[in-house]
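Novice: So the protein lines, in turn, are chains H and R.
First residue of the first sequence: 0, per numbering that gives the first Met the number 0; consecutive thereafter.
First residue of the second sequence: 0, per numbering that gives the first Met the number 0; consecutive thereafter.
Before we start, here is the structure in question, set down as structure tokens.
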Amino acid sequence: MTADNCRRETPEIEVAAPTVVRGATVVAAADGVLHRIDRPVVALCGCGRSAALPWCDSTHKVLADRSS
Amino acid sequence: MVNAIAQHEQGAAAPPETGAAAPAGPAPALPPSCGPISAQVLGTLFGDGPPAGWCALVETVGDPLTDLDFQLGLWLSYEPHYADLPGLDRDPEWDPALLSLRAALEERFERALRDLVGELPTGDPVAVLRRLTGSGRPSPLALHLGRDASREQFIDYLAQRAVYHLRESDPQSFTLPRVTGAAKTALAELQYDEYGAGRPERLHSRLYANALTALDLPADVHDYLPGVEATVFTTVNTMSFFALHRSLRGAAMGHLAAFEATSSLPCRLIATGAHRLGLPPAVAAYFEEHVEADSVHEQVAIDDICGALVRAEPLLGPDVVFGAAACLAVDELAAQAFWARWNADPEPTGEAAS
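Below, the structure is given as structure tokens:
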């Protein structure tokens with residue numbers, strides 16, 4: 000599963016929110032690098048600006064503030 | 000003020016009396032009482048019966064949320080649910096006298112919390128949670144810790160917060176049997192992650208203890224009590240109060256959602272401060288863990304816990320919002336206490352965090 004193909008529509012805000020994924024053991028980032036998952040649930044970055052890609056680090060909230 | 004614990008350790012049979020001189024001896028692990036309320040709670044922990052005029056005494060407190068005597072007393076009344084009290088050779092956890100004292104404190108506490116948050120926003124509780132916690136602007140306190148705080152201020156922050164983080168997520172576990180269905184599943188999932196996801200070395204409370212130990216600070220909550228700010232106790236007591244009352248399960252989960260949803264961005268800043276100050280890696284590691292973890296927990300707590308809870312029990316919606324609003328309001332009270340401790344003022348935060 001990649002961060003790109005599991006984005007979801009978030010019409011209520013301009014900046015894409017993260018996608019919550021359960022039960023995965025590995026995720027392939029957009030650059031093809033595989034990342035092991037050791038949490039029961041993870042949030043994949045939806046805005047593309049996380050400093051911890053492919054994981055969400057809440058940067059989307061900063062971007063939403065700037066765009067509002 | 001008297002120190003009931005020290006008295007007990009010295010073999011004194013009598014309960015503490017307000018106004019007696021603190022006995023000499025080894026440093027106690029629990030703080031001396033700091034007024035009539037905490038003195039009475041300490042005495043009750045050691046076996047005193049319920050006092051006359053207790054409710055009237057509780058009513059004399061001007062602002063329970065900032066009163067150290069009140070908050071220490073309430074904290075002590077919850078403590079038997081979490082840990083053994085040093086020097087105590089009886090089990091007071093379900094002592095009717097203690098519960099009677101605590102009920103009066105809690106009644107006054109809830110009134111003060113509701114007064115603090117005022118009129119609650121209405122509408123879909125999940126949407127309200129998103130609005131209340133949606134800001135991407137850094138909190139002034141996190142900004143200060145990240146950019147400007149001295150080593151002493153940073154360590155003071157860690158020491159004050161130890162009273163919660165050394166027991167991170169424990170209050171919310173009391174709510175687990177009090178919610179059902181999808182909300183229970185999601186809360187268990189969140190708590191499992193808080194508790195290390197199967198790896199004891201990843202317990203968030205242990206990560207915090209590692210950070211303290213790396214700074215040669217103690218890793219036992221009781222060692223921090225003498226200097227804890229009233230409003231820091233307030234933040235912890237708010238969690239215990241909500242979590243230990245089934246009727247307030249909505250508030251407990253709303254509080255959790257607000258707590259998680261306002262954690263990730265501040266933790267990123269605070270981790271930066273730990274690096275800036277050259278603190279041991281375990282300090283930044285604690286906060287860095289929470290950048291990703293709490294980004295996940297925000298989604299789980301708002302959508303999967305609170306969303307499921309209000310779908311199953313729509314009447315809990317206002318309590319969910321109350322809990323979230325209370326979390327944010329008491330956190331702000333604690334932030335004000337830090338500014339006062341450091342003789343500093345919050346800086347305006349006109350720019351977003353990253």
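C-beta: ideal position from N, C-alpha, C; glycine also.
Note that the structure is predicted; figures quoted are calculated from it, not measured.
Starting from H:L43 and walking both ways along the beta strand (DSSP E), at which residues does that stretch end?
Specialist: Mapped onto the first sequence, residue 43 of chain H falls at position 44. Element bounds for H:L43: V40 to L43.
Novice: In this structure, what does DSSP give as the bridge partners for H:T18?
Specialist: If you number the first sequence from 1, residue 18 of chain H lands on position 19. Paired residues: H:L43.
Novice: If you count every other CB in all the chains shown that lies within 10 Å of the CB of R:W93, and 16 or more means buried, which is it?
Specialist: On the second sequence, position 94 is the one that residue 93 of chain R refers to. R:W93 comes out exposed.
Novice: Going by other Cβ atoms of all chains shown within 10 Å of its Cβ, with 16 needed for buried, is R:E105 buried or exposed?
Specialist: For this step, residue 105 of chain R is matched to residue 106 along the second sequence. By the neighbour-count rule (16 or more Cβ atoms within 10 Å), R:E105 is buried.
Novice: Does the beta carbon of H:A29 sit closer than 8 angstroms to a beta carbon anywhere in chain R?
Specialist: Residue 29 of chain H sits at position 30 when you count from the first residue of the first sequence. False, the Cβ-Cβ gap to chain R never drops below 8 angstroms.
Novice: If we call anything under 8 angstroms between Cβ atoms a contact, is R:A196 one with H:D37?
Specialist: For this step, residue 196 of chain R is matched to residue 197 along the second sequence. For this step, residue 37 of chain H is matched to residue 38 along the first sequence. Against a cut-off of 8 angstroms, the Cβ pair of H:D37 and R:A196 comes out as a contact.
Novice: If R:A141 and R:L268 are in contact, beta carbons under 8 angstroms, what's the gap, nearest whole angstrom?
Specialist: Translated into the one-based positions of the second sequence, residue 141 of chain R becomes position 142. Translated into the one-based positions of the second sequence, residue 268 of chain R becomes position 269. Yes, R:A141 and R:L268 are in contact; Cβ-Cβ is about 4 angstroms, under 8 angstroms.
Novice: Measuring CA to CA, which of R:R205, R:L87 and R:H274 is closest to R:F45?
Specialist: Here residue 45 of chain R is taken as the residue at index 46 of the second sequence, counted from 1. Ranking R:R205, R:L87 and R:H274 by Cα distance to R:F45 puts R:L87 first.
Novice: For the segment 73-85 of chain R and the segment 244-263 of chain R, state whether three or more C-beta atom pairs, one from each stretch, are separated by less than 8 angstroms.
Specialist: At 8 angstroms Cβ cutoff, the stretches do not touch.
Novice: Would you report the Cα separation of R:M252 and R:D68, rounded to the nearest angstrom?
Specialist: Along the second sequence, read from residue 1 onward, the residue named residue 252 of chain R stands at position 253. Along the second sequence, read from residue 1 onward, the residue named residue 68 of chain R stands at position 69. The straight-line gap from Cα to Cα measures roughly 28 angstroms.
Novice: Could you pull out every unbroken alpha helix (DSSP H) segment of at least 4 residues lying fully inside the segment 136-224 of chain R, listed in chain order?
Specialist: Listed in chain order, the complete alpha helix (DSSP H) runs (minimum 4 residues) inside the segment 136-224 of chain R are 139-146, 150-164, 169-172, 180-193 and 203-213.
Novice: Within a Cβ cutoff of 7 angstroms, which residues of the same chain sit near R:G180, ignoring the five residues on either side of it in sequence?
Specialist: As a working mapping, residue 180 of chain R is identified with position 181 in the second sequence. A307 and A311, listed in sequence order.
Novice: Can you give the Cα-Cα distance for H:P43 and H:P17, rounded to whole angstroms?
Specialist: In the first sequence, counting from the first residue as 1, residue 43 of chain H sits at position 44. In the first sequence, counting from the first residue as 1, residue 17 of chain H sits at position 18. What sits at residue 43 of chain H in the sequence shown is Leu, not Pro. Cα to Cα, the separation comes out at about 5 angstroms.
Novice: In angstroms with no decimal places, state the Cα-to-Cα distance between R:W74 and R:G122.
Specialist: Translated into positions along the second sequence, residue 74 of chain R becomes position 75. Translated into positions along the second sequence, residue 122 of chain R becomes position 123. Taking the straight line joining both Cα atoms gives about 34 angstroms.
Novice: Would you call the CB atoms of R:A260 and R:T65 closer than 8 angstroms?
Specialist: Against the second sequence, residue 260 of chain R aligns to sequence position 261. Against the second sequence, residue 65 of chain R aligns to sequence position 66. In this structure, R:T65 does not lie closer than 8 angstroms to R:A260 by Cβ.
Novice: Check whether the Cβ atoms of R:T233 and R:V162 sit closer than 8 angstroms, and answer yes or no.
Specialist: Here residue 233 of chain R corresponds to residue number 234 of the second sequence, with the count starting at 1. Here residue 162 of chain R corresponds to residue number 163 of the second sequence, with the count starting at 1. No, the pair does not count as a contact, with Cβ atoms beyond the cut-off.
Novice: Are three or more beta carbon pairs between the segment 202-215 of chain R and the segment 272-283 of chain R nearer than 8 angstroms?
Specialist: With the cut-off at 8 angstroms, the segment 202-215 of chain R and the segment 272-283 of chain R touch.
Novice: Determine whether the Cβ of H:V40 lies closer than 8 angstroms to any Cβ atom of chain R.
Specialist: For the purposes of this step, residue 40 of chain H is identified with residue 41 of the first sequence, where counting begins at 1. Answer yes: the Cβ-Cβ gap between H:V40 and chain R drops below 8 angstroms somewhere.
Novice: Just the C-alpha distance for R:A26 and R:S32, rounded to the nearest angstrom, thanks.
Specialist: Against the second sequence, residue 26 of chain R aligns to sequence position 27. Against the second sequence, residue 32 of chain R aligns to sequence position 33. With a pLDDT of only 42 at R:A26, under 50, the local geometry of the prediction cannot be trusted, and the value read off the model is given with reservation. Straight-line Cα distance between these residues: approximately 14 angstroms.
Novice: In chain H, which residues lie less than 9 angstroms from R:Y207 when you measure between Cβ atoms?
Specialist: What you label residue 207 of chain R is simply residue 208 of the second sequence in a count that begins at 1. Here the premise fails: no neighbours, minimum Cβ distance about 18 angstroms.
Novice: Can you name the residues that DSSP bridges to H:L33?
Specialist: For the purposes of this step, residue 33 of chain H is taken as residue 34 along the first sequence, with counting starting at 1. Note: H:L33 sits in a beta bridge opposite H:A27.
Novice: So, helix, strand or coil for H:W54, using DSSP?
Specialist: Position 55 of the first sequence, counting from 1, holds the residue named residue 54 of chain H. Strand.
Novice: Report the residue from R:A257, R:L214, R:D293 and R:P317 whose alpha carbon sits nearest the alpha carbon of R:G277.
Specialist: Here the question's residue 277 of chain R lines up with position 278 in the second sequence. Residue R:L214 is the option with its Cα nearest to R:G277.
Novice: With a threshold of 8 angstroms between beta carbons, is H:V61 in contact with chain R?
Specialist: Against the first sequence, residue 61 of chain H aligns to sequence position 62. Taking Cβ atoms only, chain R reaches closer than 8 angstroms to H:V61, which makes this a yes.
Novice: Could you tell me which whole alpha helix (DSSP H) segments of length 4 or greater appear in the segment 277-312 of chain R?
Specialist: Runs found: 280-298 and 307-311.
Novice: Reducing DSSP to helix, strand and coil, say where R:D90 ends up.
Specialist: Here residue 90 of chain R is taken as the residue at index 91 of the second sequence, counted from 1. Of the three classes helix, strand and coil, the one that applies to R:D90 here is coil, per DSSP.
Novice: Please determine, among H:V41, H:P39 and H:V61, the residue with the shortest C-alpha to C-alpha distance to H:R48.
Specialist: Against the first sequence, residue 48 of chain H aligns to sequence position 49. For H:R48, the nearest C-alpha among the options comes from H:V61.
Novice: Do the segment 334-344 of chain R and the segment 145-163 of chain R touch if we need at least three Cβ pairs shorter than 8 angstroms?
Specialist: Output reads yes: the segment 145-163 of chain R touches the segment 334-344 of chain R.
Novice: Is the segment 221-237 of chain R in contact with the segment 158-177 of chain R, if contact means three or more CB pairs nearer than 8 angstroms?
Specialist: Because the criterion of three Cβ pairs below 8 angstroms is met, the segment 221-237 of chain R and the segment 158-177 of chain R touch.
Novice: With burial defined as no fewer than 16 other Cβ atoms inside 10 Å of the residue's Cβ, what is the status of R:A292: buried or exposed?
Specialist: Locating residue 292 of chain R in the second sequence gives position 293, counting from the first residue. The residue in question, R:A292, is buried, as its Cβ has 16 or more Cβ neighbours within 10 Å.
Novice: Counting pairs of Cβ atoms below 8 angstroms between the segment 52-64 of chain R and the segment 111-125 of chain R, do you hit three or more?
Specialist: Touching, per the Cβ criterion.
Novice: Give the straight-line distance between the Cα atoms of H:A51 and H:A28, rounded to the nearest whole angstrom.
Specialist: Indexing the first sequence from 1 puts residue 51 of chain H at position 52. Indexing the first sequence from 1 puts residue 28 of chain H at position 29. Roughly 11 angstroms separates the two Cα atoms.
Novice: Looking at chain H, is there any beta carbon in it that lies within less than 8 angstroms of the beta carbon of R:G272?
Specialist: Start at 1 with the first residue of the second sequence, and residue 272 of chain R comes out as number 273. Cβ-Cβ to chain H under 8 angstroms: no for R:G272.
Novice: Looking only at its own chain, which residues have a Cβ that is under 8 angstroms from the Cβ of R:H254, when we skip the five neighbours before and after it?
Specialist: Residue 254 of chain R sits at position 255 when you count from the first residue of the second sequence. Answer for R:H254: T237, M238, F241, G322, A323, A325 and C326, listed in chain order.
Novice: Does DSSP classify R:E341 as helix, strand or coil?
Specialist: In the second sequence, counting from the first residue as 1, residue 341 of chain R sits at position 342. Inspection of the sequence shows that residue 341 of chain R is occupied by Trp rather than by Glu. Of the three classes helix, strand and coil, the one that applies to R:W341 here is coil, per DSSP.
Novice: CB-CB under 6 angstroms to R:V299, same chain, minus the five flanking residues each way: which ones, in chain order?
Specialist: Locating residue 299 of chain R in the second sequence gives position 300, counting from the first residue. Answer for R:V299: A185 and L189, listed in chain order.
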